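Below is one structure, written out as structure tokens, with a few remarks after it.
Protein chains: 2
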Amino acid sequence: METVSTNRSYAGTQGVYSHASSETGTGMTFAVYVPDHPEGAKLPVVWYLSGLTCTHANVMEKGEYRRAASELGLIIVAPDTSPRGEGVPDDSGYDMGQGASFYVDATEAPWSDHFRMRSYIERELPDLIAAQFPADMERQAIFGHSMGGHGALTIALRNPGRFKSVSAFAPVVSPLNCLWGEKALSGYIGGDKSAWRQYDACALIEDGARVADILVDQGTSDNFLDEQLKPHLLAEACAKADIPLTLNMRQGYDHSYYFISTFMEDHLRWHAQRL
Amino acid sequence: METVSTNRSYAGTQGVYSHASSETGTGMTFAVYVPDHPEGAKLPVVWYLSGLTCTHANVMEKGEYRRAASELGLIIVAPDTSPRGEGVPDDSGYDMGQGASFYVDATEAPWSDHFRMRSYIERELPDLIAAQFPADMERQAIFGHSMGGHGALTIALRNPGRFKSVSAFAPVVSPLNCLWGEKALSGYIGGDKSAWRQYDACALIEDGARVADILVDQGTSDNFLDEQLKPHLLAEACAKADIPLTLNMRQGYDHSYYFISTFMEDHLRWHAQRL
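Just so you know, the protein sequences line up as chains A and C, in that order. With the numbering used here, the residue at position 63 of the first sequence is 63, and numbering never jumps. With the numbering used here, the residue at position 76 of the second sequence is 1076, and numbering never jumps.
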């Protein structure tokens, strides 16, 4: 692991790091914020997965998480959203390829060699975080935005007990039921939709996966609300499964970091209470 | 004036606007955050001037001012740092030309036609803000970062009574005594250093200009501290002039928005107390 940069911010250090990933076969960059802490102490870890087109940097620059994270003593890890660079396949759209992994392990050509973001986020990067940072891996939480909200929900649902809490801003709740998901999952996973269900929060819940509770904030002026995000599908799945869902519909807010930053502190407090 | 974008954020609206400036002879873009307020109410205005290389967008995206501004009921105006575009002169360095006006009215060729940022910030843009936003122009404050800290200090000192308060993050306190100032002011204003004194906070104070008090935050790990910023010169000038200066040297912080955002709330509270 190499240190790309460190900056003191609030009562802690915002770092950017890179490493050669064996899962993706590329260099990968990620951001970690570590609050000040006593020598030898280990802090809980909150994973933030970003949305389409983002790198590790978007939430780091615009997410406004450091004030609350330093107060609450939370390590914040922000991975990239896909492998990148020469030799990594891409798509002409913003909604597939580089910056748009949908956090799957791709099985289809040309994606399957590099697009292994499920294994990267679920296994490889946690091992690196545990080894390199003062992280208490018994106390982890996960959240994300849009495609990253999808990532957070599905990773939490597939790994019962690993995360004390899960939340999302404007998540893609069902790739089986939106055009983004239709395009990305058919490309990455292939045409057999039964294989998509492990990458669909609503389907995972229907198939029996459980988490203790879920917090979602969603702007009512989000351009993607009706066509792509469809939080009512998550509400229906959670209701049937008796999973307590706090779904806050936020009047006038859109899909941007102006929305996310507004409710960032609420989400970090939600996680801190459960960590 | 045209609206470029508006986004709801915290309890207010972050807008970006553009207009044709008669001072600069170019289009100019600026950001205004307006907290929610009762119909017909007018809110105090805090001006934020940005540093070298920045546009209106840097502080808007990374400055983390909206939480405190909405709580305190402060309009935040963030202008661009220079005229830009085709036909506007530039320099190959980052420290002169587009993005680097030093908030002067240039008198020298090729700059004097467009580089009229002093008059733009002191006269033209305030008139536009007063006309287009719910702004109480009897309650104004000003602050900024680096070159913009220089702008804030010199504009406050040259306009006694206009601003209830002034503060800065890592300001250039004396262009007469640093390489950035030497290059920019000799280019914009010419070789007669007596003409530079109106653009030098320390010289303005020596020449009799006064403000009620000044707040400065400065990181000790700022790469520009010793060669360019030299806050001790401001401390000496303020001490001689009996201007109360709160100079916070912040251990380990650098020149970036990771530093600025950390102390943004402190500065907004400083201004709110005086507005």
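Yeah, the Cβ is synthetic: ideal placement off N, Cα and C, and Gly gets one too. Computed from a predicted model, the values in this text were never measured in an experiment.
With respect to Tyr1048 (chain C), Val1077 (chain C) sits close: the two C-beta atoms are nearer than 8 Å.
The beta-carbon of Thr29 (chain A) is placed no less than 8 Å from the nearest beta-carbon of chain C. Taking 8 Å as the cut-off, the beta carbon of Phe259 (chain A) is found closer than this to the beta carbon of Gly219 (chain A). Distance from Pro134 (chain A) to Leu43 (chain A) at the Cβ level is roughly 6 Å; contact confirmed, criterion being Cβ atoms closer than 8 Å. About 7 Å separates the beta carbon of Asp1222 (chain C) from that of Leu1229 (chain C), a gap short enough to meet the 8 Å contact definition. In the DSSP assignment, Gln1218 (chain C) is bridged to C:Met1249. Residue-level contact check: Lys62 (chain A) touches chain C, since one or more beta carbons of chain C fall below 8 Å from its beta carbon.
Of all residues in the segment 237-256 of chain A, the ones placed with a Cβ closer than 9 Å to any Cβ belonging to chain C are Arg250, Gln251, Gly252, Tyr253, Asp254 and Ser256, in chain order. Per DSSP, reduced to three states, the secondary structure at Glu1061 (chain C) is helical.
Gln14 (chain A) has a beta carbon lying within less than 8 Å of a beta carbon in chain C. For Thr1262 (chain C), the neighbours in chain A by C-beta distance under 7 Å run, in chain order, Ser9 and Tyr10. Secondary-structure assignment with DSSP links Leu49 (chain A) through a beta bridge to A:Gly144. Pro79 (chain A) sits away from Ile142 (chain A), with the two beta carbons spaced by 8 Å or more.
At a cut-off of 8 Å between beta-carbon atoms, Tyr258 (chain A) makes contact with chain C.
For Phe1030 (chain C), the three-state secondary structure derived from DSSP is strand.
Val1088 (chain C) has no beta-bridge partner at all, per DSSP. In this structure, DSSP gives Tyr10 (chain A) a state outside helix and strand, which the three-state scheme calls coil.
DSSP places Glu1002 (chain C) within a strand segment (E or B) once states are collapsed to three.
Here Thr1026 (chain C) is buried, its C-beta having at least 16 other C-beta atoms within 10 Å.
If you ignore the 5 residues before and after Ser9 (chain A), its C-beta comes within less than 6 Å of the C-beta of Arg66, all in its own chain and listed in chain order. DSSP, reduced to helix, strand and coil, places His267 (chain A) within a helical segment of the structure shown. Counting only runs of 3+ residues, no beta strand (DSSP E) is found wholly inside the segment 95-135 of chain A.
In this structure, the alpha-carbon of Met1001 (chain C) lies about 22 Å from that of Gln1098 (chain C).
Pro171 (chain A) is classed as buried because its beta carbon has at least 16 other beta carbons within 10 Å across all chains shown. Excluding sequence positions up to five before and after Phe169 (chain A), its CB lies within less than 8 Å of the CB of Phe143, Gly144, His145, Ser146, Gly149, Val216, Asp217, Gln218, Phe259, Ile260, Phe263 and His267, all in the same chain and listed in chain order.
DSSP lists C:Thr1003 and C:Phe1030 as the bridge partner or partners of Tyr1017 (chain C). Ile1189 (chain C): not part of any beta strand (DSSP E); member of the alpha helix (DSSP H) spanning Leu1179 to Ile1189, first to last residue. Secondary structure of Arg1210 (chain C) (DSSP, three-state): coil.
DSSP, reduced to helix, strand and coil, places Ile1243 (chain C) outside both helices and strands of the structure shown, so it counts as coil. Looking at the DSSP output, Phe1163 (chain C) shares a beta bridge with C:Gln1140.
Cβ-Cβ distances below 6 Å link Asp1213 (chain C) to Pro1244 in the same chain, with the five nearest sequence neighbours on each side left out; the list follows chain order.
About 7 Å separates the Cβ atoms of Phe1115 (chain C) and Ser1082 (chain C), confirming a contact at the 8 Å cut-off. Distance check between Gln1140 (chain C) and each of C:Glu1039, C:Gly1073, C:Thr1029 and C:Phe1224 places C:Gly1073 closest, using alpha-carbon atoms only.
In terms of Cβ geometry, Val1045 (chain C) and Asp1136 (chain C) form a close pair [threshold 8 Å].
The residues Pro89, in chain order, have a CB closer than 6 Å to that of Pro110 (chain A) in the same chain once the five nearest residues on each side in sequence are set aside. Proximity to Gly1208 (chain C) across C:Glu1227, C:Asn1159 and C:Arg1269 peaks at C:Asn1159, based on C-alpha coordinates.
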